[in-house]
Every structure is written in structure tokens, then in C-alpha cells.
Amino acid sequence: MESYLPVIWGGLIGTAITLYVLLDGFDLGIGILFPFAKSESERDHMMNSVAPFWDGNETWLILGGGGLWVAFPEAYAVIMPAMYIPVIFMLLGLIFRGVAFEFRFVSKPHHRLWDIAFAGGSLVAAFCQGLVLGGVIGGIDVVDGKFAGGPFDFLSPFGILCGFGLIVGYALLGSTWLMVRVEGGIAEKARKWAFPVLVALLAFIVAVSVWTPLIHPHIAERWFSVPNIYVLWIVPVVTALVALYAMRAIDAAKGLGAFAASVVLFLLCFLGLGISTFPYMVPPTLTVWDTAAVPASQLFTLFGALVMLPIILMYTAFVYWTFRGKLAPGEGYH
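Take a look at the structure:
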């Protein structure tokens, strides 16, 4: 049982991060697309489409970060010093975005700065999350279990590529969310936004998929060695098929299908990331077992997580069910 605890905790943290990216991703995507709306009423409509959900979506970020701290303290002690700068700017972006939700409507007609805070905070948060992702995948310099690199190691070409890729991915989630969630002119605009960002996202997926095995021989061996390649070829093929379906759904204005396909694309990317990096918690040196807390600590916190997870899932489902349906122009919650 003790040897399985780090794997279970790794799965829980991975699930929390995945849910955060999917759920907070579409409302960050709304902020990224905010400047492309031409009128105040369109921006109101976009913001109202995510107003009931955004704060609950961020619960998963807390669970992922807190879970890393309590279950893998040595990984936390390595990753955080390596990523202090992008993490701090990410949190500042999320703060500005969150404050804008609360103050934009009540400050009208003097709300221009809150529009900038909402769009800018979303853009900065998304880019910094991509920098962290790229920094971790690209590898962290570790000596004797401690971070041995510099404060700007995260700022690599690969990390910047991941930053822009995540911006585009969130924009796809945001645009397809609008296709599902709203009525009126902004829904048609969202459909027009969705196609180019989908194409851009596919280009980033291809670039990352080619780059990672080139810079990491152990990842290339994981994907292309025999017999792994006989099974793993399915992942890129399914990704291509899902992307084709997403294009057709966007073209046919099938919002639910386009949003579902966008979510599946993200899930496939996470699957590819898991295949490439497991069992490393800090690639390419520290595994989940190397960085795990003592079994008693992991078991104790696991019981707490198993109690809280159903509660979080239930209130999340309740909120989405309560505010289901299309949002007409002029309607909103704030």
C-alpha cells in the first residue's frame, strides 16, 4: 500500500490540475477574447456567461497546489523556487481578473480600467501557466534533491512556446463555451473566432510534440521504442480525428460538439504529457516516490481529500445545473 500512495496522490493532483485547466480555462479564454468584442454590450454578455462559475473553477488550482505541498513536499521545494516568478505573476493576473469580475459592473460608466484588468489578468495568467508547464517539461536543474538552477531558467524558447500555446488553447475553450452558452451576435462572433484559434492550437500541439522528444531522449524512447509505438500511435491519430470533428462542429455552429471536442483535445494533450513524464514528479530526475511525504502523512491527507472531493464535485455540478441554458443579451448574474 505504501508504494501505491504516491501514485494515488499523483493521480489526484493530476486530476485537479486537469479540471482546473478545463474549467478555469474557458473563463480565462473569455478574458483573452475580451478585446475582440466591439461593443460594451458584447463584453457584458461575455462576462455574464462565466460570472456564476469562475470563482468555483479556481478551487481546483488550490487543490492541485495544496496537494503538491502536502503529498510531495520535496517536489514542491524544487518546483517553486524554479518557478517563483511566473507563479507570482500568474497569481497577480488571477487577482486582477477576479477583482474585475466584482467591480466592473458597479463602476459603470467608468469601467475601462476594469476591462483592461480582466483581459490583461487573463492573458498574463494563461501565459505564466504555460511558462510553468514548459519549465517543468523542459526539465529542472536538480542537485542533491534541491533546485540548482537560476531564477530565469523557466524563460526558455520551449517555455515561451508553451505559454503562447496555452493562450491559444484557452481562447479555443472560451470561444466554444460562448457558442454553447450565449445567444445573439456574440455567439456568431465566437464561432468565427473558434476556427482560427483551433488551427493555431493544432500547430502548437504539433510543435510541442516534435520538440519534446528532440530535446529529451528518454521521451523519444518512451514513444517510439518497440513495443510502445504499437500502442501509442493511437494517441496522435485520435487527436487528429477529434480536431477534424471540432472543425466540422464549429463550421456547423454546433456549440456543444465544438466545446466537447475542445475539452477532449486538452485531455489528449494531458494524456500525452502523462505518457511522456510518468513517473517523474520533477522531470527528469525526481520520481513520485523520491519526492513523496512519509506514508502516514500521505494516508492521513488522502482521507481528507476523499471526503472533500465529492463535496467539491457536488457543489460544482449544482452551480452548473442551476445556471444551465442559453444566456440572452441583457441577461446576467452579477
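One point on numbering: in our numbering, the residue at position 55 of the sequence shown is 63, and numbering is uninterrupted.
A virtual CB, placed ideally from N, CA and C, is assigned to each residue, including glycine.
Worksheet item: Taking Cβ positions, are residue 245 and residue 269 nearer each other than 8 Å?
Response: Residue 245 is not a Cβ neighbour of residue 269, given a cutoff of 8 Å.
Worksheet item: Considering only residues of the same chain and omitting the five flanking positions on each side of residue 182, which have a CB-CB separation below 6 Å?
Response: Result list for residue 182: 34, 37, 38, 41, in chain order.
Discussion item. Which runs of the alpha helix (DSSP H) at least 4 residues long sit entirely within the segment 169-249? Give them in chain order.
Written reply: At a cut-off of 4 residues, the continuous stretches assigned as alpha helix (DSSP H) that sit fully inside the segment 169-249 are 193-223, 225-232, 236-240.
Worksheet item: Can you tell me where the beta strand (DSSP E) with residue 58 in it begins and where it stops?
Response: No beta strand (DSSP E) holds residue 58; the alpha helix (DSSP H) holding it covers 48-58.
Item to complete: With residue 28 as the anchor, note down where its alpha helix (DSSP H) starts and where it stops.
Response: Its alpha helix (DSSP H) spans residues 13-41.
Worksheet entry | Host alpha helix (DSSP H) of residue 140 (start-end) | Run containing residue 140: 120-146, per the alpha helix (DSSP H) assignment.
Discussion item. Can you tell me whether residue 332 is buried or exposed? The criterion is at least 16 other CB atoms within 10 Å of its CB, across all chains shown.
Written reply: Around the C-beta of residue 332, fewer than 16 other C-beta atoms lie within 10 Å, and the residue is accordingly described as exposed.
Worksheet item: Can you tell which of 234, 276, 190, 274 has its C-alpha closest to the C-alpha of residue 334?
Response: Measuring from the Cα of residue 334, the nearest candidate turns out to be 190.
Practice prompt. Quickly, what does DSSP pair residue 295 with across the bridge? List them, please.
Written response: Partner residues in the beta bridge of residue 295, as assigned by DSSP, are 288.
Worksheet item: residue 102 bridges to which residues according to DSSP?
Response: Partner(s): none; residue 102 has no beta bridge.
Practice prompt. Could you tell me the boundaries of the alpha helix (DSSP H) in which residue 305 lies?
Written response: DSSP places residue 305 in the uninterrupted alpha helix (DSSP H) bounded by 303-330.
Practice prompt. Could you spell out where the alpha helix (DSSP H) holding residue 72 opens and where it closes?
Written response: 67-79 is the extent of the alpha helix (DSSP H) around residue 72.
Worksheet entry | residue 154 - partner residues in DSSP beta bridges | In DSSP, residue 154 forms a bridge with 151.
Item to complete: Assess, as a yes-or-no matter, whether the segment 266-280 is touched by the segment 320-327 under the definition of 3 or more beta carbon pairs within less than 8 Å.
Response: The segment 320-327 is not in contact with the segment 266-280.
Worksheet item: Helix or strand or just coil, what does DSSP make of residue 163?
Response: Note: residue 163 maps to coil in three-state DSSP.
Fill in: Of the residues 57, 107, 261, 292, the one placed nearest residue 225, counting alpha carbons only
With distances taken between Cα atoms, residue 225 lies closest to 292.
Worksheet item: Tell me which same chain residues have a C-beta within less than 8 Å of the C-beta of residue 243, skipping the five on either side of it?
Response: So the qualifying residues of the chain are 276, 279, 280, 283.
Fill in: Environment of residue 288 [buried if 16+ CB atoms lie within 10 Å]
Buried.
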